[in-house]
Structure formats: structure tokens, C-alpha cells
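In the working numbering, the protein residues as written are 1204 to 1777.
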């Protein structure tokens, strides 16, 4: 049997004793995250919990493996309130270690696997990590970490083919320890820390406690009209209901688990007694994605906007042209959050999925939902607008609701499941989470307005707004216009300093090779046809690819630097 993904070798393939590969019934005591997940597992029987490549792991085996890891972590001092940093690719290992951390009443924190030694040093100190779990392919960066990390009790290397160098130890070592089956502290308030915002500076940790985390992943039930469970008995009843109605999901999270969207979608699916599928490739392989959908009858996929959607739909088209189309009839939903997902890509995807629903979420690590655009047919793509979530509002500067159809711009606020706040930053926490009319809202900074019919028009983050001659330009709406050109596959709009206008609007588009015969006037004209003249890009910069984070988000700071250097070089040459 072959192991794939994060090179998770000896331990992941080791046999689990039969006595451990069972799930004793959970009782109706206080419900922590691990207890909730176990209660869901008790209902599903032999259904696989995780599939990757040619290997499948059932719920009982996932629990047993995680119990042994929990025992190993506990021996090294990890317990209630501890933080365990995880830097792994989408894999069995990620879910096993996260489940183990929950069993101990500790909190996992997602660490970007692209970080270099200085960045790792910062986040490990910032989060007070008591243990750090990383893929063996990242060992070089880890061993270059400078400075003393006295609070870090354990480096755990997943997938070592040979004995790791100090201070790391192997996952194989965990197999020598007795298991921790039951969640040891269900009264622990700790849930998870989501690192976010690392593309424009040092990342911020969003702290979700146990109840907030259970609240957000309970959407797996709420979306089907079932109430959020309060006890293990409730969980078992709700999971049984999903299975009886044929609604238990089989999910392919293409979004990395180091990104909140992929991680939370994965947890919610396990909470519903579903199956998680992972591809074996560490980067997007569109053909493998569709092969996985076809082989395992995947029902739900999580992507990162056009960055994933465009190569995926291109793969479908190529397979169809070759006379060997993929069978994706099982796929019910594709979900994206936080990045542009253009109408063109959505339209093409809908042509291949007979019963496919595309869900474009406005949400954030800081909370939500704020809004949603749901497309089941091409007619749903006509205006590209969002529906304001029932728990959301658009607030003006006086914390009053903006009025539809007035053109008034406000800030999005959501009273959905709430995190505690930012790690070690009470001042920023007080600014982002505010009490309005006696209700606590998450207000991370997205600007929006309402059309006359109450549809939400997303305008982007206030700190990304371009001020040109006193007029405000929201980059996202200009980018949407540029992406209507068939040869523009990627676009970002930034403000570049200008002595007369303060800033000018500059479009950075890709790929340069396909745009050689497309004039600047043509691209600017696309914007002028749809938006006010002051929003039209004054300059266009062509690049091979745009700077993006590992989660697929545009790095606007880097894009602005690219545009500025280009214009400076052009001015010098003239």
C-alpha cells in the first residue's frame, strides 16, 4: 500500500491493534471539539474518514492513530491551553495531529509551509508554540531557525525516511507511546488559532475558542435545516439524519489546510460524518483533481477562486476535446471564499456540471458569513452581485444600516459565529469586534453598498482603496471588468503615487505572452464601458504571473512594487 501527500511513512502505514481501532461510545458530558468529532464518528460505521491516493483510513483508525499522537505530545508537556504549530501539506498527517491536539484540550495553529526561517522564528514565538509539526521536506528551513526558542518543547517531523537531526523527532516515535483516547479536558475553552493577513506584513492570529469553532463548523447541519448540536447525543442524531437523507458530504478541499477556508470546510465535513479526499500532488494538478472526483464520487469541492477555477475548467475542456470527458455528475457544490471568482470561469464550470451549485462566500478568518453569491445556472451570473447574509449588516459611520439604492458606502459587519479576537492585540481586537445594538459584530474592514433591490455590492477593503484626485476607486470592481477580456487570466489593480493626482490607477495583468497583441486602450476601454471614467486604468503593466500567497490570495503590496518599478524604469528610459 502506497502513502502519498506529505511523505507520511512508517507511522501512517503501521498497523493499529484491533482493540484500539474501535470507537467507544461518547457520553453526554461537556462537549469539546474532539468529543464532538468522535460522536459523529460513532454513527458512520465503516465509512472512510480520509482518502488520499490509493489509501483509505476509517474513522476508528483515525481516532486510534490520533490517540497515540496525543499520548506522545502529552509526554512532552502538551496539554490544555498549549499551542501546537502545524506546517503540513493536505494529508492524513494534518488531520491526525490536529485531532490529537484537540484531544489534549490544546489549540492547533496553521503555519504556512512557504515560510522561511525568520518567518518561522517569528510565528513560533508569537503563538508561544509548545510543539511544532512540519513536513520532512521543510526540514532545511526549520533547522535554520535563529535564536533561542525555550518554550518549544518538541519538533515533530512527519515523514522522515531517516532519523531526524536534533531537535526534531519522528512521527515514528509517537507509535511507542500509550494512547489518550478520551478528550482530557472538555471544559477547556481553547479551540484554534488561525493565522491570517501575512501577505502585507506579519501575520495576525485570530483566536477561536471551543464554542466559536463548534459554532462555525456546525454549518454542515444548519445548511440542511438542522439545529447546531449541543451534546454528543445531539451530534449523533444530526449525523444520522444527514446519512439517512443521503447528505453526508464527500469533500475535496483543494484550498490548503494552512488556509482557514480549507481547514474549516474540512472540520465541518468530519463533524457531519463525511469523507475527506486529498490529492497526492503538493500543487494543483487539475487532471488529478477530476480523476479524484470521478473515482470517489466527490460531492463538494473547495477552491481558491480563478487561481484554481480557471485551470480546472481548462482541464475539463481538454478532456472533452480528447473524447475522454471526466464524469463529474456526483459534484454538487464548489465553494470559494476571499478571492475573485470571475463570471466567465463560473459560466464555463456550470456547463460541465448538470446539478452543480457554485458558492462564492464573503467571509474571513475573523468571522462571517457576510454575503454569498449562489449560481446554479448562467442566468444567476447576470449581475455578479451578492446576497447579504441574514446575520450581516452594512453599517455607516454612525453604526446605522446603509439604505439600499442610495449609493451610500458602509462597512460589512457579521453577527455569525465569533472568535475571541486577535492574539496578544487587545487594541486591534476592540476595533474589529464591536458591539452594536447590544450584539457583537465582526467588522474586519470590507466596504460595500446595497443596490435598490437590496443586493450587496462588494467594494473591497478600505486599506486597499485607491484615492485618485479625491475620487475613491475600489480595486476589485476594476479587476472584475478586466477579467472579462478572454486573454486576461489574472489581474490586480493598484494605486501608484502620482504628483498630480496623489495616486493613479494601474492595472497589472497576466499572462504577458497572450496579451502581446492587446493594446492598453482595449483593456482600459473594458473598464470605461462598465465603470466611471476615473476608475479607468491610466497604465497597464503586463507580467507572466501575479504575486500570490500560498493560499492563492493576491499580494497587493508586491503587485504595487512591480507596477512602481515598471513605471520608474519606463520614465528613466524616456
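Idealized CB from N, CA, C, for every residue including glycine.
{"Asked": "Beta-carbon gap between residue 1444 and residue 1429 smaller than 8 Å", "Found": "yes"}
{"Asked": "Inter-residue spacing [alpha-carbon to alpha-carbon] between residue 1565 and residue 1647", "Found": "12 Å"}
{"Asked": "Boundaries (first-last residue) of the alpha helix (DSSP H) holding residue 1621", "Found": "Element bounds for residue 1621: n/a, residue is neither H nor E."}
{"Asked": "Sheet register partners of residue 1482 (DSSP bridge)", "Found": "Partner(s): none; residue 1482 has no beta bridge."}
{"Asked": "Cβ-Cβ distance between residue 1291 and residue 1249 below 8 Å", "Found": "no"}
{"Asked": "Under 8 Å between C-beta atoms of residue 1557 and residue 1574", "Found": "no"}
{"Asked": "Uninterrupted beta strand (DSSP E) stretches inside the segment 1535–1600 (no shorter than 3 residues)", "Found": "1536–1540, 1560–1567, 1570–1578 and 1595–1598"}
{"Asked": "Residue 1677, DSSP secondary structure in three states", "Found": "coil"}
{"Asked": "For residue 1313, the residue or residues it bridges with in DSSP", "Found": "1289"}
{"Asked": "Exposed unless 16 or more other CB atoms sit within 10 angstroms - verdict on residue 1771", "Found": "exposed"}
{"Asked": "Which residues DSSP lists as bridging residue 1611, in chain order", "Found": "Answer is none; residue 1611 lacks a bridge partner."}
{"Asked": "Backbone secondary structure at residue 1453 - three-state DSSP", "Found": "strand"}
{"Asked": "Same chain, Cβ closer than 7 Å to residue 1692, five either side skipped, listed in chain order", "Found": "1513, 1713 and 1714"}
{"Asked": "Buried or exposed (CB count within 10 angstroms, at least 16 for buried), residue 1777", "Found": "exposed"}
{"Asked": "C-alpha gap between residue 1762 and residue 1694, whole angstroms", "Found": "10 Å"}
{"Asked": "Own chain, CB closer than 8 Å to residue 1239, minus 5 neighbours either side, in chain order", "Found": "1417, 1432, 1435, 1438 and 1474"}
{"Asked": "Residues near residue 1484 by beta carbon distance below 7 Å, same chain, minus five either side", "Found": "1491"}
{"Asked": "Rounded distance between the beta-carbons of residue 1678 and residue 1699, thought under 8 Å", "Found": "No, residue 1699 and residue 1678 are not in contact; Cβ-Cβ is about 12 Å, not under 8 Å."}
{"Asked": "Coarse secondary structure for residue 1661, derived from DSSP in three states", "Found": "strand"}
{"Asked": "DSSP-derived helix/strand/coil call for residue 1301", "Found": "helix"}
{"Asked": "Buried or exposed by the 16-neighbour rule on C-beta atoms within 10 Å, applied to residue 1685", "Found": "buried"}
{"Asked": "With 16 other Cβ atoms within 10 Å as the buried cut-off, status of residue 1766", "Found": "buried"}
{"Asked": "Closest by C-alpha distance to residue 1745, when choosing among 1717, 1774 and 1407", "Found": "1717"}
{"Asked": "C-beta atoms of residue 1374 and residue 1359 nearer than 8 Å", "Found": "yes"}
{"Asked": "Distance CB(residue 1355)-CB(residue 1372) smaller than 8 Å", "Found": "no"}
{"Asked": "Own chain, CB closer than 7 Å to residue 1302, minus 5 neighbours either side, in chain order", "Found": "1237, 1240, 1265 and 1269"}
{"Asked": "C-beta contact flag for residue 1415 and residue 1622 at 8 Å", "Found": "yes"}
{"Asked": "According to DSSP, residues forming a beta bridge with residue 1670", "Found": "1675"}
{"Asked": "Distance CB(residue 1332)-CB(residue 1296) smaller than 8 Å", "Found": "no"}
{"Asked": "Beta-carbon gap between residue 1472 and residue 1461 smaller than 8 Å", "Found": "no"}
{"Asked": "Pick from 1447, 1527 and 1518 that is closest to residue 1551, judged by C-alpha positions", "Found": "1518"}
{"Asked": "8 Å contact criterion, which residue 1235 and residue 1305 should meet: CB distance rounded", "Found": "7 Å"}
{"Asked": "Per-residue burial, residue 1271 [other beta carbons within 10 Å of its own, 16 or more giving buried]", "Found": "buried"}
{"Asked": "C-alpha gap between residue 1663 and residue 1682, whole angstroms", "Found": "11 Å"}
{"Asked": "Three-way DSSP call (helix, strand, coil) for residue 1407 in this model", "Found": "strand"}
{"Asked": "Counted within 10 angstroms of its Cβ, other Cβ atoms place residue 1407 as buried (16 or more) or exposed", "Found": "buried"}
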